[in-house]
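Counted the way full-length UniProt numbering counts, the sequence shown spans residues 1 to 136. Notes to accompany the following structure.
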Amino acid sequence: MKCATVHWSTTCDGCGAATRCSGTQAVVDDRLRWDEEHQCSRCGETTLVCDGTLPEPLRGRMLAEHGVFRLSVPDRPVRSLPALRVLRSHGGRTLAEARAALELILDGGHLGTGPEIELLASELRAAGIAAVTVRS
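Right, here's the structure in full:
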């Protein structure tokens with residue numbers, strides 16, 4: 001899953017009416033993006049938030065609506081260095097954190113939204129590691 005969208009409503013800052021909101025998390029140009037659109041049903045005021053960070057409450061909603069995904073590496077890599085390089089660059093991990101993340105992945109415990117997991121799987125595949133995104 002390279003993109004997922006959630007919808008919610010809030011109150012317009014300008015007129016107080018109901019505002020329809022949508023947000024999309026997507027893998028674009030080999031990186032994760034979060035974009036939002038808010039549109040008031042009364043005054044028509046529209047707000048766009050482009051390339052932001054997925055807020056944690058909406059991440060929970062994304063997981064609830066679209067499901068939890070996990071990263072699967074069917075065959076344990078003979079050499080872990082390529083995977084560790086990817087994991088260090090993905091999220092700015094230390095070497096110890098990258099090793100812990102690799103063990104979590106190999107044990108099937110690395111979970112996230114579809115786009116989050118697909119981006120990491122894609123980076124691992126580019127490094128020669130067979131990685132797939134699996135819906136949990």
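Ideal placement from N, C-alpha and C gives every residue a C-beta, glycine not left out.
Got a sec: does the ligand NAD put a non-hydrogen atom nearer than 7 Å to the Cβ of residue i?
| i | result |
| --- | --- |
| residue 116 | As far as ligands go, the structure on display features none, and thus does not contain the ligand NAD. |
Which one of the options has the shortest CA to CA distance from residue i?
| i | options | result |
| --- | --- | --- |
| residue 84 | 64, 70, 105 | 105 |
| residue 127 | 73, 109, 94 | 73 |
| residue 21 | 28, 44, 32, 33 | 44 |
| residue 64 | 133, 32, 101, 113 | 113 |
| residue 36 | 29, 75, 133, 7 | 7 |
| residue 19 | 28, 46, 40 | 40 |
| residue 24 | 56, 81, 34 | 34 |
| residue 50 | 2, 109, 32 | 32 |
Is it buried or exposed for residue i, if we count other Cβ within 10 angstroms and need 16 for buried?
| i | result |
| --- | --- |
| residue 96 | exposed |
| residue 120 | buried |
| residue 115 | buried |
| residue 38 | buried |
| residue 134 | exposed |
Rounded to whole angstroms, how far is the Cβ of residue i from the Cβ of residue j, which I believe are closer than 8 Å?
| i | j | result |
| --- | --- | --- |
| residue 66 | residue 4 | 5 Å |
| residue 69 | residue 122 | With 8 Å as the limit, residue 69 and residue 122 do not qualify as a contact, their Cβ atoms being about 13 Å apart. |
| residue 87 | residue 98 | 4 Å |
Helix, strand or coil for residue i, going by three-state DSSP, please let me know.
| i | result |
| --- | --- |
| residue 90 | coil |
Considering only residues of the same chain and omitting the five flanking positions on each side of residue i, which have a CB-CB separation below 8 Å?
| i | result |
| --- | --- |
| residue 17 | 11, 40, 41, 42, 43 |
| residue 30 | 119, 122, 123 |
Under 6 Å Cβ to Cβ from residue i, same chain only, skipping five residues before and after it: list those, please.
| i | result |
| --- | --- |
| residue 47 | 38 |
Identify, in the order they occur along the chain, each residue of the same chain with its Cβ nearer than 7 Å to the Cβ of residue i, setting aside the five sequence neighbours on each side.
| i | result |
| --- | --- |
| residue 75 | 130 |
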